Every structure is written in structure tokens, then in C-alpha cells.
Amino acid sequence: MARGLFLALLSLLLFTVSCTQSSLVLRPDDASRPEESSQITEPPTEDTSDPSKAAPSNTTSEEENVLASSPAQEESSANGESPAEVDSEEEPYTDQKRVDDALYYYQEALEYWNSDEPDRAILSLDQSYQVIYSIQDEDDPEITQQKEDLRLLISKRILEIYASRTHPQMDHSREMPLVMNQYVTREIKRFQTTERSFFIQSYRRSGRYRPYIVEQMRKAGTPEDLSWLPLIESGFKTKALSRARALGLWQFIASTGYRYDLRRDRWVDERMDPEQSTQAAIAYLKVLHGLFGDWTTALAAYNCGEGNVLRVIRQQHVNYLDDFWDLYPRLPLETARYVPRFLATLHIIKDPEKYGFDDLELDQPLMNEQVQVNRQMRLKDIARVLDVPAKTLEELNPSLRYKATPNYPFTLNLPADTSTTLLAKLEEVPQWKPPKRAYVVHRVRFGETLSGISLKYRVSVRRIVHANHLRSASRIRAGQRLKIPLRGQVIMASTNPARRTGSTVHYQVRRGDSLWLIAQRFNTTVTKIKALNDIHSNLLHTGQVILVQAGSR
Numbered sequence: 007m008a009r010g011l012f013l014a015l016l017s018l019l020l021f022t023v024s025c026t027q028s029s030l031v032l033r034p035d036d037a038s039r040p041e042e043s044s045q046i047t048e049p050p051t052e053d054t055s056d057p058s059k060a061a062p063s064n065t066t067s068e069e070e071n072v073l074a075s076s077p078a079q080e081e082s083s084a085n086g087e088s089p090a091e092v093d094s095e096e097e098p099y100t101d102q103k104r105v106d107d108a109l110y111y112y113q114e115a116l117e118y119w120n121s122d123e124p125d126r127a128i129l130s131l132d133q134s135y136q137v138i139y140s141i142q143d144e145d146d147p148e149i150t151q152q153k154e155d156l157r158l159l160i161s162k163r164i165l166e167i168y169a170s171r172t173h174p175q176m177d178h179s180r181e182m183p184l185v186m187n188q189y190v191t192r193e194i195k196r197f198q199t200t201e202r203s204f205f206i207q208s209y210r211r212s213g214r215y216r217p218y219i220v221e222q223m224r225k226a227g228t229p230e231d232l233s234w235l236p237l238i239e240s241g242f243k244t245k246a247l248s249r250a251r252a253l254g255l256w257q258f259i260a261s262t263g264y265r266y267d268l269r270r271d272r273w274v275d276e277r278m279d280p281e282q283s284t285q286a287a288i289a290y291l292k293v294l295h296g297l298f299g300d301w302t303t304a305l306a307a308y309n310c311g312e313g314n315v316l317r318v319i320r321q322q323h324v325n326y327l328d329d330f331w332d333l334y335p336r337l338p339l340e341t342a343r344y345v346p347r348f349l350a351t352l353h354i355i356k357d358p359e360k361y362g363f364d365d366l367e368l369d370q371p372l373m374n375e376q377v378q379v380n381r382q383m384r385l386k387d388i389a390r391v392l393d394v395p396a397k398t399l400e401e402l403n404p405s406l407r408y409k410a411t412p413n414y415p416f417t418l419n420l421p422a423d424t425s426t427t428l429l430a431k432l433e434e435v436p437q438w439k440p441p442k443r444a445y446v447v448h449r450v451r452f453g454e455t456l457s458g459i460s461l462k463y464r465v466s467v468r469r470i471v472h473a474n475h476l477r478s479a480s481r482i483r484a485g486q487r488l489k490i491p492l493r494g495q496v497i498m499a500s501t502n503p504a505r506r507t508g509s510t511v512h513y514q515v516r517r518g519d520s521l522w523l524i525a526q527r528f529n530t531t532v533t534k535i536k537a538l539n540d541i542h543s544n545l546l547h548t549g550q551v552i553l554v555q556a557g558s559r
């Protein structure tokens with residue numbers, strides 16, 4: 007019955023919009039809004055010759071396009087013409103510009119809705135819909151796709167606003183619907199049987215990080231239940247890496263990490279930082295909730311991307327979005343399982359004894375202090391000065407890719423009550439000099455081949471293939487990054503170690519080498535070589551570059 011009421015309201019609204027298309031009213035308090043003609047509302051637009059700037063479903067970052075494509079306000083010309091007049095004289099009002107303008111009004115509606123001004127939000131949605139209605143060209147598939155995406159978004163937002171008037175909402179953004187159905191039951195059974203060990207261990211690790219996550223979600227006004235999302239994402243492992251190269255507690259891929267300012271360079275990858283990645287995850291989840299209106303659909307988009315969910319919605323050929331379970335049969339299998347798996351986690355967490363989990367334990371929260379450092383030091387050297395296990399520092403600083411501080415100012419996490427000690431003994435910590443790279447990185451350009459690249463760097467194709475684990479010398483693509491081994495890095499076996507006593511050299515491992523043979527060659531010991539390179543195994547691979555200090559044993 008509720009859906010029937012919503013559809014009736016929507017039909018009435020769209021009928022009214024179509025009847026009043028030619029008679030828009032300019033709001034008097036919108037002094038900064040563009041002038042509007044009697045035929046179409048035309049806000050000032052920027053150059054959108056690149057259609058991808060306003061294509062909500064071309065990539066997995068549709069919401070970013072929707073929120074970032076609002077046309078900028080242009081200054082009036084010197085002769086007093088309005089921005090709309092200047093724009094209309096310079097170039098025609100294309101369908102792409104209409105899409106951009108519709109995005110402008112849709113974004114404006116979101117701002118009014120978030121400011122608790124539903125009437126003004128409805129008016130902006132009306133204007134957005136009228137702009138879309140004026141697009142008549144059905145031959146351009148890209149324009150048609152953008153039009154359909156916007157039409158669905160507008161319809162959903164209208165229904166959400168009218169539903170808020172009909173049904174009082176109690177802080178809707180803080181509530182997580184705890185659904186129980188056959189799909190959730192199936193995931194609960196998996197946790198009770200084949201994945202029981204995974205669940206228990208993941209729950210135990212959650213004790214280290216979840217207190218901070220809950221605190222940040224309270225500040226952001228998001229449901230605290232979302233703090234359990236890392237359990238199914240990563241098992242609360244800071245260095246969990248998926249087949250899709252998603253990394254960390256919240257399993258960010260590199261591109262999404264960049265969108266939310268997670269640093270990633272040679273020394274640091276903040277996707278593995280519990281605090282930084284939590285801030286990014288909360289921001290991303292809030293964007294998805296604003297786009298889809300309910301948390302279950304937002305979680306599906308978190309798993310497979312906004313674009314995939316929008317495409318599934320569009321395939322329904324309806325003007326409304328009901329809830330996640332309407333989308334369930336059409337989602338990819340992994341995503342279809344994702345939401346029931348999360349809900350199963352919540353059911354177990356809220357009543358563990360009911361589901362046979364009466365042996366759950368939590369790790370202690372990580373207690374740490376922070377100190378700013380500005381030189382490169384290995385964590386194990388810092389741990390030795392502080393007289394704490396090196397593993398403790400590694401757990402507190404998982405974002406350090408080489409277990410060493412970077413060559414720029416860095417906030418280092420330390421165990422509680424140790425920051426004063428470090429500052430007092432900082433000079434006792436040796437400065438770390440990272441080994442020089444034995445390769446350079448080459449970005450493949452269009453038309454390049456491995457043979458051409460090998461000639462450029464004067465190395466063999468075979469070495470490039472081996473260094474990059476390529477299956478075929480003919481399969482490289484534009485934009486791909488290749489490691490190119492540097493020439494002259496191999497220290498030949500005939501090198502006289504007696505003349506290099508005390509010096510440290512870079513040695514590239516050759517076929518048949520072992521740590522013992524290398525130690526004999528340079529008159530040193532296996533233990534010293536392993537300590538110098540911070541390696542714990544006797545295994546070496548051909549092409550590996552290690553540091554060797556020649557001298558007497």
C-alpha cells in the first residue's frame with residue numbers, strides 16, 4: 007500500500023511537471039541563480055566538451071561525477087549581459103549541457119534536503135526533471151544513459167522526501183535495518199560451520215581497532231553497526247590484500263584511496279593505516295548513502311562500485327527504487343552475498359550464544375602515543391632503543407611498507423609511555439639508508455614493444471620479462487608500469503674481495519648462488535648478510551639485489 011501511495015504521488019508530480027514545463031518560477035531569494043528563459047531553465051555552465059565529466063554510470067565513481075559536475079557561476083560580461091545570454095550567444099545549448107544543468111539542480115536539491123528544506127528541494131528536483139524532459143535526442147547512447155541515471159536518481163529522491171512527510175523518521179542515518187531472510191540464514195550457517203574459525207579470529211582482532219572506529223562513526227553520525235564491516239572485508243587484518251588488489255581493513259583499491267586522500271608512495275600506503283583508512287571509509291559510505299538512500303544498497307555499492315549498482319537499477323525499467331532485496335537477484339554473486347554476510351555478522355554479534363558462539367574473546371585495544379620524526383629509521387632499531395618487541399611497532403605502524411620511516415616528516419605511533427624515552431634517545435637510533443633501486447620504472451606508451459624498450463635501456467628482453475613476471479614478451483599494454491633492471495649491478499664472482507674490505511656493495515644474485523657461497527666470496531658470514539638486508543630466510547632468487555659488506559670474518 008505504501009508503494010502504491012508513493013507511485014501515485016510520483017505520477018501526480020510528474021504529470022504536474024509536464025504541464026508546467028514552459029512556466030518556471032524564479033525564486034526571489036536566489037540572487038545568484040542564472041536567468042531563466044520561458045522555455046528552459048539554463049544555469050551558467052562551464053565547458054563540458056568532455057562528456058565523461060557528467061556521466062553517472064560510465065565508471066565506478068558516478069556519485070563523484072554527480073556531486074562535482076555543478077556548473078560554475080560565470081561573471082557577467084563588461085557590457086552587462088547576463089551569464090546565460092553570453093553563453094547562449096557563444097555556443098548552442100546542447101543535450102550534454104542540459105545533462106550538466108540537470109546535475110546542477112539535482113545537487114542543489116541534495117543541499118536543500120540535507121539542510122531540512124524539503125519544499126525547496128522538491129522545486130530544484132522539478133527543475134532538474136524539466137531539463138531532462140527537454141532532451142529529445144535518443145540516438146546518442148551516452149546521453150540516453152546519463153538521462154536514465156538522472157531520472158532514476160530524481161525519482162528516488164522525490165519518493166524519499168514524500169516518504170519522510172508520511173512516515174516520521176527517527177534519525178534514519180543512524181539506523182541499520184537488521185533483516186532476517188533465507189540469504190542471511192545461509193550466511194549465518196556458513197559462519198557456524200566452514201567459516202567458524204575465520205569468524206572467531208576476526209572477532210578477536212576487532213578488539214584492537216573497533217573502539218576507534220566506533221568513536222569516529224559516532225562523530226560522523228553513521229550507524230555504529232558499520233564498524234563491523236571490516237570483519238567481512240578483511241577479517242580486521244591491516245595488511246589484507248584481495249585478488250583485486252584491494253588493501254587494508256577497509257579494502258580500498260588504489261583509485262578509491264586516491265579519491266579520499268589516502269597517501270600511497272614508495273614508503274607509505276595509508277590504506278593499511280587503521281585511522282586514515284577509517285576516515286576515508288566513513289566519507290565514502292556517507293557519499294553512497296546520500297546517493298542510494300539506504301544503507302544496504304550503499305553497502306552493495308561499497309563492494310562492487312556505484313556504477314554497477316546504478317546499472318542494475320536502470321535495468322529494472324522502473325521510476326522508483328524499493329530496497330536492496332529488489333536488486334539482489336541481478337547483482338554479481340560476490341556482491342549479492344556481501345550484504346547478507348554483513349547482516350549475518352550483526353545477528354551473531356548481537357546474540358552470540360543463540361548461534362553457538364559462546365567462546366568469543368577480544369584483543370585489547372592498541373594503546374599508543376604519537377611522535378613526529380623527520381629522518382629514516384628502521385622500526386627494529388627504534389624498538390631496540392625502547393626495549394620493546396619490533397613486532398609491537400610494526401602493528402602500530404602498518405602503513406610503513408619497508409618497516410622504516412619515510413624520508414619526510416612522519417607521525418610515528420609508539421607504545422604508551424615511550425615517546426619521552428624515544429625523544430631522549432633519538433640520536434642513538436641509527437639513520438637508515440635504503441638500498442638503491444636495482445631497477446627503474448618505465449610506463450609503457452602506445453605502440454611500444456618490449457624489444458624497443460630493451461634497446462632504449464640496453465637490457466635484454468628476457469631480463470625485463472623475468473623482472474616483471476610476464477607470461478609473454480608480446481603482451482604489454484599502454485599505461486602498464488614495467489620494472490627495468492639497471493645495467494652494471496652484478497658484482498662478478500671474480501671480484502677480489504680483499505680489495506673491497508670494509509666496503510658495502512650491491513650484489514645481484516645469479517643462478518646457482520646461495521647465501522653461503524656469497525659469504526665465502528666476500529669473506530663474510532651468512533648471519534651478517536642476513537642482518538644487513540633484514541632477511542630471515544636462506545632462500546634467494548635470481549636477479550635479487552642484496553647488500554654485502556666485504557671484510558674479514
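To convert, count from 1 in the sequence shown and add 6; that's this note's numbering.
Ideal placement from N, C-alpha and C gives every residue a C-beta, glycine not left out.
Predicted model, so just to flag it, every value in this text is computed and none were measured.
According to the Cβ coordinates, are Val554 and Val515 closer than 8 Å? no
Near Leu268, which residues of its chain fall below 7 Å by C-beta distance, leaving aside the five closest residues on each side in sequence? Phe258, Glu276, Arg277, Gln282, Ser283, Ala286
Among Gln152, Asp125, Ile541, which residue has its Cα nearest to the Cα of Gly313? Gln152
Let me check one thing: in DSSP terms, what residues is Gln376 bridge-paired to? Asn419
In the structure shown, what three-state DSSP assignment does Pro412 receive? coil
Just to confirm my understanding: we take Leu247, look at its own chain, exclude 5 residues before and 5 after, and list those with CB closer than 6 Å. What are they? Leu253
Do Asp132 and Asp101 have their C-beta atoms within less than 8 Å of each other? no
From Phe363, Gln378, Ile167, Asn309, pick the residue whose C-alpha is nearest to that of Glu340; which is it? Asn309
Does the region 465-484 come into contact with the region 427-439, if we say contact requires no fewer than three beta-carbon pairs (one atom in each stretch) closer than 8 Å? no
Nearest-angstrom Cα distance between Asp231 and Leu428? 38 Å
Would you call the CB atoms of Pro280 and Leu255 closer than 8 Å? yes
Which two residues bound the contiguous beta strand (DSSP E) that contains Leu553? 551-555
Leu492 - containing beta strand (DSSP E), residue span: Unbroken run through Leu492: none, as it is neither H nor E.
Any heavy atom of the ligand MG closer than 7 Å to the beta-carbon of Gly311? Absence of the ligand MG is noted for the structure shown, with no ligands found whatsoever.
Classify Met383 as buried or exposed, calling it buried when 16 or more other Cβ atoms lie within 10 Å of its own Cβ. buried
State the beta-bridge partners of Val274 as determined by DSSP. Leu406
Under the rule that 16 or more other beta-carbon atoms within 10 Å means buried, what is Thr426, buried or exposed? exposed
Check for me: the beta strand (DSSP E) holding Val447 runs from which residue to which? 445-449
Can you tell which of Leu333, Ala289, Arg477 has the C-alpha that lies nearest to the C-alpha of Ala306? Leu333
Are the CB atoms of Pro415 and Val394 nearer to each other than 8 Å? no
For Ile482 versus Leu461, is the C-beta spacing smaller than 8 Å? no
I need the DSSP call for Gln514, collapsed to helix, strand or coil. strand
Backbone CA spacing between Arg104 and Lys195 [nearest angstrom]: 51 Å
Who pairs with Leu488 in a beta bridge, going by DSSP? His448
Could you check whether Leu366 and Tyr139 sit closer than 8 Å to each other, using their CB atoms as the reference points? no
Can at least three beta-carbon pairs, one atom from the region 354-369 and one from the region 199-214, be found at a separation below 8 Å? yes
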